[in-house]
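Data block below; observations after.
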Amino acid sequence: MHTSRIALSEKVQLNKQTTISYKADSIESARTSLMKAHAVIMIFTWLFYVPLGILMALYFKKTWPDRKVCGKPIWFAVHRALMTVSAVLTIIAFMLVVAYKKGKWIPQEEKLEFNHSVIGIIVVCFTLIQLIMALYRCEHDEKYRYVFNYTHGFVGLMALIFSAVAMFLAIRFPDFNFTTNAEWGILAAWVCWVFLMFVIFWFMGFFVKKNVSKKATNASSYELGNQYHNGSVQTPPTEGKNNGTPDWIKGTLISVHTLVTFALALALAILVGKA
Numbered sequence: 002m003h004t005s006r007i008a009l010s011e012k013v014q015l016n017k018q019t020t021i022s023y024k025a026d027s028i029e030s031a032r033t034s035l036m037k038a039h040a041v042i043m044i045f046t047w048l049f050y051v052p053l054g055i056l057m058a059l060y061f062k063k064t065w066p067d068r069k070v071c072g073k074p075i076w077f078a079v080h081r082a083l084m085t086v087s088a089v090l091t092i093i094a095f096m097l098v099v100a101y102k103k104g105k106w107i108p109q110e111e112k113l114e115f116n117h118s119v120i121g122i123i124v125v126c127f128t129l130i131q132l133i134m135a136l137y138r139c140e141h142d143e144k145y146r147y148v149f150n151y152t153h154g155f156v157g158l159m160a161l162i163f164s165a166v167a168m169f170l171a172i173r174f175p176d177f178n179f180t181t182n183a184e185w186g187i188l189a190a191w192v193c194w195v196f197l198m199f200v201i202f203w204f205m206g207f208f209v210k211k212n213v214s215k216k217a218t219n220a221s222s223y224e225l226g227n228q229y230h231n232g233s234v235q236t237p238p239t240e241g242k243n244n245g246t247p248d249w250i251k252g253t254l255i256s257v258h259t260l261v262t263f264a265l266a267l268a269l270a271i272l273v274g275k276a
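Written as C-alpha cells, this is what we have:
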C-alpha cells in the first residue's frame, strides 16, 4: 500500500503505453556521488598524505633531533599520523566504492574497471598489511629489526606505485567523461614531482654520508699523527655539531613539496567533482 503522493512535472498520455520513472535521476545522482567521493578521498590520500609520510620516514630521522611531539621524534609523529589517516581514508573509500557497485564484482569484459578494481584491492591489502606490521613491529635493538624496516618500506613503496597505476586507469573511465586532458597532465606532473623529491633527498643524504665519512677519516689521521709526533692525543678540529644537511633546507623542501602535492591533489579532485 502506497501512502505518499506526488505530482509529476511532465505530462502523460493515458491512451499510450508509457514508462514513468520516479526519482530515477536523484537515485543515480546519489550513486554517482559515491563514486566521486571514493575518487576524491583516494586522490588526497595517495597524492598528498602517503608521499609526505614516506618522505618523512626515509629522510627526516636525523632532522630536528632536539624537538619532540608527544615525546616522539617529529619524523615519527608526523609519519604515524599521516599513515594512520591514510589507512582509515583508504578503507572508507573502499567501502564507498563497494556501496556504489552494490557489492558486485566487476566483469572482466569491462577491462579498465576490472584492472582498476584488482589493483585497488592490492592497494587495500598492502594498507592492511602495513597496519598489522606497524602494530606488531619489534623494538629498535632487536636482532631482526632490519627485516621489519625493509619489508615495511618495500610494501609502502609498492602501495604508492600501485595506487598511481590505479589512478591512471581510473581517469580513463567513460563515467567521468573528461572533456580535456588536464587530468593526465596533473597526474604526470605529480609523478615527476614526487620522483624528483625522492631523488633530491636521496642525493642530499648520500653526500652527507660521504662528507661525514671523509671527516671521520681525516679525524683519525689527525689523531694518529699527533700520537706519533707529540706522544699525546689532541682533539681534532670540528666545524660544528651538525655535519649533516641544515635542517632549514630540508624543512623548506618538505614545505614546498607539501604545497605542490596538495595543489595537484586539489586540482584533480575539482576535475573529478565537475566530471
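The working numbering numbers the first residue of the sequence shown as 2 and each following residue consecutively. Heads up, the beta-carbon is just placed ideally off N, CA and C, and yes, glycines get one too.
Check the C-beta distance from Val1 over to Ala40 and give it rounded, since I have them as a contact under 8 angstroms.
-> Any question about residue 1 goes unanswered here, given that the chain covers just 2 to 276.
From which residue to which residue does the alpha helix (DSSP H) around Phe127 run?
-> Start and end: 112-136.
Cβ atoms of Leu265 and Ala300: under 8 angstroms apart, would you say?
-> In the structure as shown, the chain begins at 2 and stops at 276. Residue 300 is therefore absent and cannot be evaluated.
Name the residue from Leu269, Asn178, Phe163, Cys139 whose alpha carbon lies nearest to the alpha carbon of Gly186.
-> Closest option to Gly186, Cα to Cα, is Leu269.
Assigned secondary structure, Lys251 (DSSP; H/G/I helix, E/B strand, else coil) | If DSSP states are grouped into helix, strand and coil, Lys251 belongs with the helices.
Hey, how far is the Cα of Phe177 from the Cα of Gly54?
-> So the alpha carbons of these two residues sit roughly 29 angstroms apart.
Between the segment 151-160 and the segment 130-137, are three or more C-beta pairs nearer than 8 angstroms?
-> A contact exists between the segment 151-160 and the segment 130-137.
Contact the segment 79-88 vs the segment 56-70: 3+ CB pairs below 8 angstroms = At 8 angstroms Cβ cutoff, the stretches touch.
Just how far apart, CA to CA, sit Leu136 and His153?
-> For Leu136 and His153, the distance between alpha carbons rounds to 12 angstroms.
7 angstroms Cβ shell around Pro238 - same chain, five flanking residues per side excluded = The predicted model places Pro238 with a pLDDT of 48, which falls under 50 and marks its position as unreliable; any figure quoted below should be read in that light. Excluding residues within five positions, none has a Cβ falling inside 7 angstroms.
Can you pull the DSSP bridge partners for Val70?
-> Beta-bridge pairing links Val70 to Lys73.
Could you check the C-alpha separation between Phe196 and Glu110 for me, to the nearest Å?
-> Their Cα atoms are separated by approximately 34 angstroms.
What first and last residue would you give for the alpha helix (DSSP H) that runs through Thr152?
-> From DSSP, the alpha helix (DSSP H) with Thr152 extends over 146-171.
When the distance is taken between beta carbons, is Ile201 closer than 8 angstroms to Phe163?
-> Not a contact, by the Cβ cut-off of 8 angstroms.
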